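Participant: Here it is: the structure, laid out below.
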Amino acid sequence: MTITNTKKIFRYIRKIFLFIFLVLHLTACTKSNKLKTETFKTTSGWGYSVAYKNKIIIRQSVIPVINDSKSFSTEEDALKVANLVENKLSHNISPTVTKNDLILLKIKF
Numbered sequence: 001m002t003i004t005n006t007k008k009i010f011r012y013i014r015k016i017f018l019f020i021f022l023v024l025h026l027t028a029c030t031k032s033n034k035l036k037t038e039t040f041k042t043t044s045g046w047g048y049s050v051a052y053k054n055k056i057i058i059r060q061s062v063i064p065v066i067n068d069s070k071s072f073s074t075e076e077d078a079l080k081v082a083n084l085v086e087n088k089l090s091h092n093i094s095p096t097v098t099k100n101d102l103i104l105l106k107i108k109f
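Reminder that position 22 of the sequence shown reads as 22 in the working numbering, one-by-one numbering, no gaps.
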């Protein structure tokens, strides 16, 4: 009788450990994106910011890589570039924006 109860207890403990292992494994594998993009109004148009854990890491008030210090003409344009930068950061790629990126995104400059 004692051997049967001991086996049941070990099976129960094994099931608990398996459940805990699965829960920890699933929580460790879920990718938590803590990057957040926002647009903001500037004096001459729009800009964007990218924050990580609620701390701004990039604040761009002018269109990058062009010779003029000119803001984005629409909020949508600023958001397109902000999303590109966020995507690059989340894939561990340099967040540098090229002129080709702006052309592909159809940004007016």
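Note that CB positions come from ideal geometry on N, CA and C, so glycine has one too.
Here the structure is a predicted model, which means the values were calculated and not measured.
In chain order, what are the residue ranges of uninterrupted alpha helix (DSSP H) at least 4 long that sit wholly in the segment 19-91?
Facilitator: If we require 4 residues or more, the alpha helix (DSSP H) runs fully inside the segment 19-91 come out as 75-90.
Participant: I want to know whether the segment 53-67 touches the segment 3-18 - three or more CB-CB distances under 8 Å.
Facilitator: With a cut-off of 8 Å, the segment 3-18 and the segment 53-67 do not count as touching, because too few Cβ pairs lie within range.
Participant: Quick one: using the 10 Å Cβ neighbour count with 16 as the cut-off for buried, is Val-65 buried or exposed?
Facilitator: That one is exposed.
Participant: Have a look at Ile-9, Thr-98 and Tyr-12 and flag the residue whose alpha-carbon is nearest the alpha-carbon of Asn-67.
Facilitator: With distances taken between Cα atoms, Asn-67 lies closest to Thr-98.
Participant: What residue does the alpha helix (DSSP H) around Lys-106 start on, and which one ends it?
Facilitator: Element bounds for Lys-106: n/a, residue is neither H nor E.
Participant: Just the Cα atoms here: how many angstroms apart are Leu-102 and Thr-42?
Facilitator: Going by the C-alpha atoms only, they are around 19 Å apart.
Participant: Going by DSSP in three states, Ile-13 sits in which element: helix, strand or coil?
Facilitator: Of the three classes helix, strand and coil, the one that applies to Ile-13 here is helix, per DSSP.
Participant: Measuring straight from C-alpha to C-alpha, what distance separates Ile-107 and Ile-20?
Facilitator: C-alpha separation (whole angstroms): 49 Å.
Participant: Can you look up Thr-4 in the DSSP assignment and give me helix, strand or coil?
Facilitator: Looking at Thr-4 - three-state DSSP - the assignment turns out to be helix.
Participant: Identify, in the order they occur along the chain, each residue of the same chain with its Cβ nearer than 6 Å to the Cβ of Ile-58, setting aside the five sequence neighbours on each side.
Facilitator: Cβ neighbours of Ile-58 beyond the five flanking positions: Val-50.
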